[in-house]
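Quick note, the sequence shown lines up with residues 11 to 396 if you use this note's numbering. Glycine included, every Cβ here is placed at the ideal spot set by N, Cα and C. Fair warning: this is a prediction, and the values are worked out from it, not measured in the lab.
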Amino acid sequence: MLSQGPLFLACLIFMMGIVVIVHEFGHYLAGRAFGAAVESFSVGFGSPLYERKDKRGTRWRINWIPLGGFVKFAGEAQTAADIGKLENGLVGRPYPELGVGQRSIVSLAGPLANFVLASLIFALMLGTFGRPNVEVGIYSVSEGGAAAIGGMEAGDIILSTNGKPVTTPSDVQLAAVLNPNTPVNFVVRRGEVEQSLTVTPQEIIRENELGQQVPQGTIGVQLANVSIQEPTRYNPVEALGQGVLQTGKTLEQTVTMLNRIITGRMSIHTMSGPVGIGDVSRRIVNEVWAQEDVSVGTRLSELFWMLLGMCASISVGIGFFNLLPLPVLDGGHLVFNAYEAVTGRHLPEKVQEVSLTFGLILLLGMVVVITWGDVIETGLFGGGGG
């Protein structure tokens, strides 16, 4: 019998490992396509546990700390005076010798690989199980709440919010949270009749980590999925298209959340770091493994698919996060490349150094804040979530 502790760690390493390796492999493939010499491709951090060198001189490593990874191109971190020098045995040309357009494609290739991975995972899941045909129904309505004032009733089926189809309860919750004191158009079906209702989410105030009063909306309903028929089945081509659409929807939700965080309308703790992701993984493992009346094989299969879906969402988040214009991220490299494309010269090395330092400090600050929020939320030190 597998214990939950090692199983949880294995699941966390599995998810994060796949997402990071695919991201770095995207950079690797693009760099190789343009003839860049690759010094090393590492899975994990720390000292090498296993290493081999291929015929192009690239060192492939599996390191002791099984989280993260990176690809290192020859000459990537060298000064101008060192460009053109390669280690013995390396095949290709130094990374700085690539054209600005080629380097931009290499930077984009990592996030793009994450989006492709997410699309393929969503496509696999939709091709295997189909898309559940469920509707979002109202289980109960709080007396005096925004939904009751707007005319919603228990038993109503919510079809759309502001013209956007509703497929999950989170679609309704997001429409409420993002629109405090702002009228939202809901189309509901009551019996056989569709009705258009205007509901104005009531504002609730939460204090964010900066001490700012952040407004959020609530409409005062309990929601439930209502199954209506067999799942919609897709052939492989249709599943791939649906997978791309699902990735786009997940990316849109990520952008919306970041916009609200930047404008102070949502706490940065809404974002999850490794601690938060680990806690969600732990909860999934515990929930699945608690089904003692189900065989171990069935539980492992259910766990695999649930974590694979989570892996797709994480992949979208990692891809988008790396496109942010911070100098230490892919998006920052794109900004440097844009400067070079416009001016015809590299950004001065001193400016790059200062930018990288600033970006690293800002990134570390974000990691600390997000991680601390995860620690509080998950109750690692005795409080927070259960």
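Beta bridge counterpart(s) of residue i as assigned by DSSP
| i | result |
| --- | --- |
| residue 70 | 51, 62 |
| residue 81 | 51 |
| residue 242 | 141 |
| residue 34 | Per DSSP, none; premise fails for residue 34. |
| residue 212 | 228 |
| residue 168 | 146, 198 |
| residue 46 | 103 |
| residue 423 | One cannot answer for residue 423 here, as it falls past the ends of the chain, which runs 11 to 396. |
Residue interval of the alpha helix (DSSP H) (run including residue i)
| i | result |
| --- | --- |
| residue 326 | 306-331 |
| residue 229 | Careful: residue 229 lies outside any alpha helix (DSSP H) and carries neither H nor E. |
| residue 264 | 246-272 |
| residue 184 | 179-187 |
| residue 350 | 340-353 |
| residue 238 | No alpha helix (DSSP H) contains residue 238, which DSSP labels as neither H nor E. |
| residue 157 | 156-160 |
Own chain residues within Cβ distance below 8 angstroms of residue i, not counting five before or after
| i | result |
| --- | --- |
| residue 391 | The pLDDT assigned to residue 391 is 49, lower than 50, so where the model puts this residue is not dependable; a value taken from the coordinates is nonetheless given after this. Here the set comprises 385. |
| residue 318 | 131, 134, 135 |
| residue 56 | 73, 74, 75 |
| residue 165 | 147, 148, 200 |
| residue 143 | 237, 238, 239, 240, 241, 242 |
| residue 204 | 169, 197, 198 |
| residue 338 | 366, 369, 370, 373 |
| residue 29 | 124, 127, 321, 324, 325, 328 |
| residue 249 | 133, 134, 136, 137 |
Distance between beta carbons of residue j and residue i, contact taken as under 8 angstroms
| i | j | result |
| --- | --- | --- |
| residue 350 | residue 356 | 6 angstroms |
| residue 212 | residue 155 | 7 angstroms |
| residue 10 | residue 264 | This structure gives no information on residue 10, because the portion of the chain shown stretches from 11 to 396. |
| residue 210 | residue 195 | Actually they are not in contact, since the Cβ atoms of residue 210 and residue 195 sit about 11 angstroms apart, beyond 8 angstroms. |
| residue 77 | residue 23 | 7 angstroms |
| residue 47 | residue 101 | 6 angstroms |
| residue 52 | residue 27 | Incorrect: roughly 12 angstroms between the Cβ atoms, too far for contact. |
| residue 227 | residue 186 | 5 angstroms |
Element boundaries [beta strand (DSSP E), containing residue i]
| i | result |
| --- | --- |
| residue 398 | Outside the shown range of the chain (11 to 396) lies residue 398, about which nothing can therefore be said. |
| residue 334 | No beta strand (DSSP E) holds residue 334; DSSP gives it neither H nor E. |
| residue 176 | It is not in any beta strand (DSSP E) - residue 176 carries neither H nor E in the DSSP assignment. |
| residue 301 | Careful: residue 301 lies outside any beta strand (DSSP E) and carries neither H nor E. |
| residue 208 | 203-209 |
Contacting residues, own chain, Cβ-Cβ under 6 angstroms from residue i (five flanking each side not counted)
| i | result |
| --- | --- |
| residue 158 | 151 |
| residue 90 | Its pLDDT being 48, under 50, residue 90 is placed unreliably in this model, and the coordinates cannot settle the point. |
| residue 82 | 49, 50 |
| residue 92 | Bear in mind that the predicted position of residue 92 carries a pLDDT of just 49, short of 50, making it too unreliable to give a figure here. |
| residue 112 | 44 |
| residue 256 | 132 |
| residue 232 | 149, 150 |
| residue 62 | 70 |
| residue 266 | none |
Residues near residue i by beta carbon distance below 7 angstroms, same chain, minus five either side
| i | result |
| --- | --- |
| residue 220 | Low confidence applies to residue 220: its pLDDT is 47, below 50, so where it sits in the model is not reliable enough to give any reading. |
| residue 309 | 298, 299, 301 |
| residue 225 | 190, 213, 215, 275 |
| residue 40 | 115, 116, 119 |
| residue 182 | 146, 168, 171, 176, 233 |
| residue 336 | 342, 369, 372, 373 |
| residue 59 | 72, 73, 74 |
| residue 334 | 341 |
| residue 35 | 123 |
Minimum Cβ-Cβ distance from residue i to chain D less than 9 angstroms
| i | result |
| --- | --- |
| residue 236 | Note that chain D does not occur in the displayed structure, where there is just one protein chain. |
Any non-hydrogen atom of the ligand MG closer than 8 angstroms to residue i Cβ
| i | result |
| --- | --- |
| residue 231 | With respect to the ligand MG, the structure offers nothing, as it holds no ligand at all. |
Give, in chain order, every unbroken run of the alpha helix (DSSP H) that is at least 4 residues long and sits entirely within the stretch 99-154. For the stretch 99-154, whole alpha helix (DSSP H) runs of length 4 or above, ordered along the chain, are 110-139.
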